Amino acid sequence: MNYIWDIIIKARQLGIDETKIKFIAAKSYSPYMELSNENINFKDVEQEVELNPYYRFYEVFKYFFSLDNFEDLELRETLFDVTIHFLTSIDLMSGMNKREFYSRFIIADINNGLLGKEIREGFQLFDRMDKVVIAQNIIRLYITGEGLYLLKDTVRRIFHKSTIYANYETIDELLFYIPYERNDLNVAKFEFIKTIFLPINFRVEVYWMDHFGIIGTDETMKIDKIALY
1005 MNYIWDIIIK ARQLGIDETK IKFIAAKSYS PYMELSNENI NFKDVEQEVE
1055 LNPYYRFYEV FKYFFSLDNF EDLELRETLF DVTIHFLTSI DLMSGMNKRE
1105 FYSRFIIADI NNGLLGKEIR EGFQLFDRMD KVVIAQNIIR LYITGEGLYL
1155 LKDTVRRIFH KSTIYANYET IDELLFYIPY ERNDLNVAKF EFIKTIFLPI
1205 NFRVEVYWMD HFGIIGTDET MKIDKIALY
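Here's what the structure looks like:
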């Protein structure tokens, strides 16, 4: 990885606060790379990241660290860090499509409590990638109004290998089989998804770990592994 935005993307994936990362102008560096040698093959994100500021931003920093200028060094280092963070945010946004751009606003609005305290608190149960899934489907809900489809899509993308059935004896009921442990966290996540996407006239039944039996489907008819419906 050669670019500063690689560092920020990795930090977000690991749940690290990117504002805690400090960018430093490397004293020795390759003219052919943005990151210093210590950072190009990183697995973990260090608190301090050295880079070659002239690789892509020569016009910005060409007078910033003159060898004969020793004044206000601490101030210039702080300004350098702030400027690199700003340039990195531009880097990241330049590769975004419109949906990703809107998703950021949705996530920010939820985190700021614009959809209510309960929604804000429930949203914190999810990791970054799951938050993006939810935000993108909220946008799709606004555009299409297809809450039922988006409920199923969100559950499948967050609780992988989930199976969803329609109960044809009761038109407005869905049965969810979620092959995850039933615990407070998973139940709270499902309730959050349901609150956002479930149409008001529908009800759901959820089966955790053990599938209800379906005649003719052997994997659902295992002794001691059948849930009652």
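In the working numbering, each residue's number is its place in the sequence shown (first place is 1) plus 1004. Think of the CB as a built atom: it goes at the ideal place given N, C-alpha and C, for glycine as much as any other residue. Since we're looking at a predicted model, the values are computed, not measured.
Unbroken alpha helix (DSSP H) run spanning residue i, endpoints
i            : result
residue 970  : One cannot answer for residue 970 here, as it falls past the ends of the chain, which runs 1005 to 1233.
residue 1122 : 1121-1127
residue 1115 : 1102-1115
residue 1190 : 1188-1201
residue 1118 : From DSSP, residue 1118 is part of no alpha helix (DSSP H); its letter is neither H nor E.
Endpoints, beta strand (DSSP E) assigned at residue i
i            : result
residue 1169 : 1167-1170
residue 1207 : 1207-1212
Pairwise C-alpha distance: residue j and residue i
i            : j            : result
residue 1024 : residue 1017 : 15 Å
residue 1128 : residue 1085 : 29 Å
residue 1125 : residue 1075 : 47 Å
residue 1146 : residue 1031 : 51 Å
residue 1052 : residue 1022 : 11 Å
residue 1089 : residue 1107 : 21 Å
residue 1144 : residue 1064 : 40 Å
residue 1220 : residue 1177 : Model confidence at residue 1220 stands at a pLDDT of 46, short of 50, so the residue's coordinates are unreliable and nothing is read from them.
residue 1011 : residue 1136 : 19 Å
residue 1122 : residue 1161 : 22 Å
residue 1212 : residue 1179 : 11 Å
residue 1181 : residue 1164 : 11 Å
residue 1068 : residue 1103 : 37 Å
Cβ neighbour criterion (16 or more within 10 Å) applied to residue i
i            : result
residue 1170 : exposed
residue 1154 : buried
residue 1203 : exposed
residue 1189 : exposed
residue 1140 : buried
residue 1078 : exposed
residue 1205 : exposed
residue 1112 : exposed
residue 1057 : buried
residue 1223 : With a pLDDT of 49 at residue 1223, under the threshold of 50, the predicted position of this residue should be treated as unreliable, though the coordinate-derived value follows. Counting Cβ neighbours within 10 Å, residue 1223 comes out exposed, since fewer than 16 surround it.
residue 1082 : exposed
residue 1049 : buried
residue 1199 : exposed
residue 1109 : exposed
Residues bridged to residue i [DSSP beta-bridge criterion]
i            : result
residue 1177 : 1207
residue 1182 : 1212
Neighbour flag for residue i against chain C, beta carbons, 7 Å
i            : result
residue 1049 : Absent from the structure: chain C. Only one protein chain is present.
Closer than 6 Å: residue i CB and nearest the ligand ZN heavy atom
i            : result
residue 1146 : Questions concerning the ligand ZN fall outside what the structure shown contains, since it holds no ligand whatsoever.
Within the stretch 1008-1078, ranges of the beta strand (DSSP E) (whole runs, at least 3 residues) | 1026-1029 and 1052-1055
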